[in-house]
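Numbering (the working numbering), first residue to last: 1169 to 1413.
Ideal Cβ positions, reconstructed from N, Cα and C, are used throughout, including at glycine.
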Ligand SMILES: NC(=O)c1ccc[n+]([C@@H]2O[C@H](COP(=O)([O-])OP(=O)(O)OC[C@H]3O[C@@H](n4cnc5c(N)ncnc54)[C@H](OP(=O)(O)O)[C@@H]3O)[C@@H](O)[C@H]2O)c1
């Protein structure tokens, strides 16, 4: 293993301006990859992430709610780097309320950003990914375990990513491309702060006494993106502090 296992590789991460995505961008760049990433609204934070990640990191404005933005982001990343080796579908949103209280706008946002945009990014990336290519989806442990009321639609969208991952593994293996789905448990981000109102409930469901960090998820993504992970495909892999075990 080289000190920089992703040297020479190129990556696109959706939703890299904050939280888990920013941790993924930082780690892929530190491990040698040239990384492009998208953001929707956090321009200043996106620029700070790019600057911190170093020379080749590049922020692209692309709203995952719009198919054409995702199409364009993949094309921009591939053009800039002369190809694409790694796609990470990270952009995601969660609205937590009972099914009778969620608005259709909230439901549509989860379906569009968490699922539809991932399908589009994968479809577009396949024009560029070749032997050794990697697709990594950021799902959620809630796909398998949803021990609180109010998370049914979010959990369903993450379950869809797990199914998409299983289904595509067979389509992509003949091309030497793997696809995996990481299922984080609670990770300290703006969306799920470790000191937020839901934190004590989540900690009560976990084996660890702390939330995970974006850097820990970034390290897992980097491993799956690297040469040692070529035999892992179709899997949903938990990184969750023992959530609900
Ligand atoms: N934190 C957790 O406990 C946890 C657990 C399991 C899974 N996850 C998953 O991890 C992923 C990241 O979550 P997070 O906690 O890091 O969330 P976060 O702190 O809210 O960050 C979300 C990221 O996604 C981007 N994003 C949101 N809507 C977008 C859109 N329409 N188009 C493009 N980018 C968009 C945001 O960019 P802008 O700010 O520029 O809009 C931001 O970079 C999600 O898929 C989430 O479901 C998180």
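Own chain residues within Cβ distance below 7 Å of residue i, not counting five before or after
| i | result |
| --- | --- |
| residue 1358 | 1186 and 1187 |
| residue 1199 | 1172, 1173, 1174 and 1390 |
| residue 1400 | 1346, 1348 and 1392 |
| residue 1317 | 1266 |
| residue 1369 | 1316 |
| residue 1394 | 1173 and 1174 |
| residue 1375 | 1409, 1410 and 1413 |
Buried versus exposed, by CB contacts within 10 Å (16 or more), residue i
| i | result |
| --- | --- |
| residue 1351 | buried |
| residue 1382 | buried |
| residue 1396 | exposed |
| residue 1203 | buried |
| residue 1212 | exposed |
| residue 1206 | buried |
| residue 1331 | exposed |
| residue 1250 | exposed |
| residue 1344 | exposed |
| residue 1278 | buried |
| residue 1406 | buried |
| residue 1301 | buried |
Residue j beta carbon less than 7 Å from that of residue i
| i | j | result |
| --- | --- | --- |
| residue 1267 | residue 1210 | no |
| residue 1353 | residue 1259 | no |
| residue 1304 | residue 1256 | yes |
| residue 1231 | residue 1177 | no |
| residue 1411 | residue 1309 | yes |
| residue 1181 | residue 1238 | no |
| residue 1341 | residue 1327 | no |
| residue 1307 | residue 1329 | yes |
| residue 1246 | residue 1296 | yes |
| residue 1290 | residue 1261 | no |
| residue 1115 | residue 1283 | Nothing about residue 1115 can be read from this structure; the chain reaches only from 1169 to 1413. |
| residue 1208 | residue 1218 | no |
| residue 1201 | residue 1179 | yes |
For residue i, the three-state DSSP class (helix, strand or coil)
| i | result |
| --- | --- |
| residue 1205 | strand |
| residue 1348 | strand |
| residue 1191 | helix |
| residue 1178 | strand |
| residue 1267 | coil |
| residue 1369 | helix |
| residue 1124 | Nothing can be reported for residue 1124, as the shown portion of the chain is limited to 1169 through 1413. |
| residue 1230 | coil |
| residue 1360 | coil |
| residue 1310 | helix |
| residue 1321 | helix |
| residue 1336 | helix |
Residues near residue i by beta carbon distance below 6 Å, same chain, minus five either side
| i | result |
| --- | --- |
| residue 1197 | 1203, 1221, 1222 and 1225 |
| residue 1292 | 1239 and 1242 |
Close-in-space but distant-in-sequence residues of the same chain around residue i (CB under 8 Å, 5 per side omitted)
| i | result |
| --- | --- |
| residue 1387 | 1195 |
| residue 1270 | 1263 and 1321 |
| residue 1385 | 1188, 1191, 1192, 1306, 1350, 1352, 1355 and 1407 |
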